[in-house]
Amino acid sequence: MKKLIWFGIAVALLLSACAGKTDAANAPRHIKLPMGYIPNIQYAPFYVTADKGYFAKENIEVEFDYSFETDGVALVGAGELPFAVASGEQVLLARAQELPVTYVFAWYQQFPISVVSAPELNIQTPADLRGKQIGLPGLFGANYIGLQALLFSAGLTAKDATLDAIGFNQVELYASGQKDIVVGYSANEPIVLRAQNFNLNELRVADYAQLIANGIVTNEKTVQNDPELVRAFARALAHGIADTIADPTSAYEISKKYVENLDKQDKAVQMQVLNTSIEFWQAEKIGASDPQAWNNMNDLLVKMGLLAAPVEIDKAFTNQFVP
Amino acid sequence: MFTLKRFLSQIPWLGVLSLLAGLLAWELTTRLSGLPRFILPAPRHVWASFISSLTDGSLLYHAAITLTEIMLGLLTGSAFAALTGYGLAKSRTLEKIFAPYLVASQAIPIVAIAPLLVIWLGDGILSKTVICALIVFFPVLVNTVIGVRATPPALYDLMRSLRATRWQILLKLEIPAALPILFGGLRIGATLSVIGAIVGELVDAQQGLGYLLQLGDFQYDTAMVYVAVFMLIFLALALYGAVTWMEKKFVR
Chain A
1 MKKLIWFGIA VALLLSACAG KTDAANAPRH IKLPMGYIPN IQYAPFYVTA DKGYFAKENI
61 EVEFDYSFET DGVALVGAGE LPFAVASGEQ VLLARAQELP VTYVFAWYQQ FPISVVSAPE
121 LNIQTPADLR GKQIGLPGLF GANYIGLQAL LFSAGLTAKD ATLDAIGFNQ VELYASGQKD
181 IVVGYSANEP IVLRAQNFNL NELRVADYAQ LIANGIVTNE KTVQNDPELV RAFARALAHG
241 IADTIADPTS AYEISKKYVE NLDKQDKAVQ MQVLNTSIEF WQAEKIGASD PQAWNNMNDL
301 LVKMGLLAAP VEIDKAFTNQ FVP
Chain B
1001 MFTLKRFLSQ IPWLGVLSLL AGLLAWELTT RLSGLPRFIL PAPRHVWASF ISSLTDGSLL
1061 YHAAITLTEI MLGLLTGSAF AALTGYGLAK SRTLEKIFAP YLVASQAIPI VAIAPLLVIW
1121 LGDGILSKTV ICALIVFFPV LVNTVIGVRA TPPALYDLMR SLRATRWQIL LKLEIPAALP
1181 ILFGGLRIGA TLSVIGAIVG ELVDAQQGLG YLLQLGDFQY DTAMVYVAVF MLIFLALALY
1241 GAVTWMEKKF VR
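So the sequence lines, in the order shown, correspond to chains A and B.
Mapping of the first sequence onto the working numbering: residues 1 to 323, in sequence order.
Mapping of the second sequence onto the working numbering: residues 1001 to 1252, in sequence order.
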């Protein structure tokens, strides 16, 4: 009898261990995703993807991490994280330093950076930025590269202007008059400022330079060893972007759950930010990036002196995971 | 009798050999570990970045900016600390009045108030100088107080018996007596001032070694980060050496 009891206990323990392993095997893959900015309505497609269960359907659980873009790229390059949201030029800059990162999904189809200036400065072209003091979040990321590309289009460099790192405080500093030229996202700062009845002139980088904008970056190791994860992530996000484009109002409501105090902000302004962002996301095939645009950006970064030599484009991006 | 200690002590340039061995170990680690350059650049990558930034003038330019901030901060902070310290050393009442503020000022991490100072004073050299001065202030102040109070009372009696004036007591007795301890504070202050300059530059700057360090980080150029760090170490060692030399010269 005793032997039977011990046998039963042993079987029970064995079964529970197997169940534990099965549970672990089926548990969603937890992914920390560096977003590169603070929580914002502009990340609506990610919030929609998470909220509607598209990530969960692919057995992915995403934790949004609002750290700097360059930190995200570095962590992905170091193999610490599988994905990060980053701008395309960051991939080329990183690969030039031997970070094995690859751009696998294009989110923005146009470079979303603008330079906003007070009307009295009469800045109508990039050449008018010569000698001016320009506030930008920092000497890194899409804002910095976008500004440099804008200056370069007029034959200028960063040394022809004074660049002030002001953090993500462009709206506050412009509104308070402390800065009369700031760099920000075309779908964000200019709209928010105009909504507060501030007059401004705007120069869009997309009108002067062809750069690959924000998308999803992974590393070569993930591409080689876990392509299904990349494919699943791309599939889920493409679905979320499509839903956001199709129904911005619903996307706004969902975003309230992820962006603290979004409900306390002016809904009309936030909807305008979202709708303007959607203009940058529209694409014939969501997620695909243009090889010619990559080559153009590669050449531009060399001409700007940001790259010593062109980077191998074949390894810098791929459309193989685009659904 | 042969001992390792005796053998090593007889090797000339032991410090240099030690550095070379360290460099060799570093190079071997990068080659054998397979770590990519952006995580652990090899000495040759750092050297290449050093030569590049030296020849294009950027390294010396930024180092000069940081050194200017350090020197202004060190001189300002030390001078103010020495004056304040002397006053506190001579008056227990003053010490009791100001002690809470002085201790509180040191309890606040400089990293926390640096952004405020940049907002108030701008992102130029002034804010970095003030940050340096603040970080140097306390150690020099404390050492000044201790140094002045360490003056033997018997010497005061001697000076008074010789009808020395207040000014003569200060110049001929108190300052020479306090110098050894004061220089101890200056040595600490010299190395801390480098930290102060970098903290200010990391908050907001367009020039200086802190800016260069950040630029390297944001461009994934870890070799440049190393160059900036080594330059900072060199500045700190040079300042420490300069203060030590002054101590030997003035304190006999």
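Don't be surprised by glycine CBs; every beta carbon is placed ideally from N, CA and C.
When DSSP labels each residue in this structure, what does P29/A get in the three-state scheme?
-> The sequence given here has Arg at residue 29/A, not Pro. DSSP places R29/A in strand when its eight states are reduced to three.
Can you say whether D247/A is buried or exposed, counting buried as having 16 or more other CB atoms within 10 angstroms of its CB?
-> exposed
Segment limits, beta strand (DSSP E) that includes N219/A = 214-219
State yes or no: is the C-beta of M1231/B within less than 8 Å of the C-beta of A1063/B?
-> yes
In whole angstroms, what is the alpha-carbon distance linking V1194/B and G1208/B?
-> 11 Å
Could you name the residues of the stretch 128-161 of chain A whose beta carbon sits closer than 9 Å to any beta carbon of chain B, in the order they occur along the chain?
-> G138, L139, F140, G141, Y144
If the cut is a Cβ gap below 8 Å, which residues of chain B does L163/A touch?
-> Q1206
Spell out whether any CB of chain B is found under 8 Å from the CB atom of G77/A.
-> yes
Alpha carbon to alpha carbon, what distance is there between V1148/B and L1094/B?
-> 15 Å
May I ask you to verify whether the stretch 1202-1218 of chain B touches the stretch 1171-1191 of chain B, counting CB pairs closer than 8 Å and requiring at least 3?
-> No: the two stretches stay apart, fewer than three of their Cβ pairs being nearer than 8 Å.
Just by C-beta distance, which residues in the stretch 287-310 of chain A are closer than 9 Å to chain B?
-> L306
Hey, could you find the ends of the alpha helix (DSSP H) V1203/B is sitting in?
-> 1175-1203
Cβ atoms of I60/A and Q242/A: under 8 Å apart, would you say?
-> According to the sequence as given, residue 242/A is Ala; it is not Gln. For A242/A and I60/A, no; Cβs fall outside 8 Å.
Looking only at its own chain, which residues have a Cβ that is under 6 Å from the Cβ of L237/A, when we skip the five neighbours before and after it?
-> T49
Give the secondary structure of F35/A by DSSP, where H, G and I count as helix, E and B as strand, and everything else as coil.
-> Here residue 35/A turns out to be Met, not Phe, going by the sequence shown. Strand at M35/A.
Run through DSSP, which three-state label would Q1207/B get?
-> coil
As assigned by DSSP and simplified to three states, the class of E172/A | In this structure, DSSP gives E172/A a helical state, which the three-state scheme calls helix.
Supposed close pair A149/A, L211/A - CB separation, criterion 8 Å = Between the beta-carbon of A149/A and that of L211/A there is about 6 Å, and that keeps the pair under the 8 Å contact cut.
What number of angstroms, rounded off, separates the C-alpha of T1030/B from the C-alpha of L1040/B?
-> Approximately 7 Å between the Cα atoms of the pair.
Please check if any C-beta of chain A sits within less than 8 Å of the C-beta of R1037/B.
-> At least one C-beta of chain A is nearer than 8 Å to the C-beta of R1037/B.
Using a Cβ-Cβ cut-off of 6 Å (strictly less than) and excluding sequence neighbours within five positions of P1115/B, which residues of its own chain qualify?
-> V1203
Who pairs with R204/A in a beta bridge, going by DSSP?
-> S114/A
Sequence-distant residues of its chain with Cβ nearer than 7 Å to Y43/A (five each side left out) = Excluding sequence neighbours, Y43/A sits near M35.
Distance CB(V217/A)-CB(A84/A) smaller than 8 Å = yes
For F55/A, which option in L75/A, V73/A, I31/A, I41/A has the closest C-alpha, if you only look at C-alpha atoms?
-> I31/A
Kindly list the residues whose CB is nearer than 7 Å to the CB of A316/A, restricted to its own chain and excluding five residues on each side of it in sequence; keep chain order.
-> V91, L92, R95, T102, Y103, W294
Can you grab the Cα-Cα spacing for the pair V1103/B / I1131/B, in whole Å?
-> 17 Å
Assign E61/A to one of three DSSP states: helix, strand, or coil.
-> strand
Looking at the C-beta of L211/A, does it have a partner C-beta in chain B at a distance below 8 Å?
-> no
Which residues does DSSP pair with I181/A in a beta bridge?
-> S117/A
So T1144/B is in the alpha helix (DSSP H); what residue range does that whole segment cover?
-> 1125-1149
Return the chain-ordered ranges of every beta strand (DSSP E) run that is complete within the stretch 228-271 of chain A and spans a minimum of 3 residues.
-> none
Opposing strand residues paired with S324/A [DSSP bridges] = One cannot answer for residue 324/A here, as it falls past the ends of chain A, which runs 1 to 323.
Bridge partners - T162/A, DSSP secondary structure assignment = Q133/A
From which residue to which residue does the beta strand (DSSP E) around Y102/A run?
-> Here residue 102/A turns out to be Thr, not Tyr, going by the sequence shown. Here the beta strand (DSSP E) through T102/A covers 101-106.
With C-beta atoms as the reference, is V1142/B less than 8 Å away from G1185/B?
-> yes
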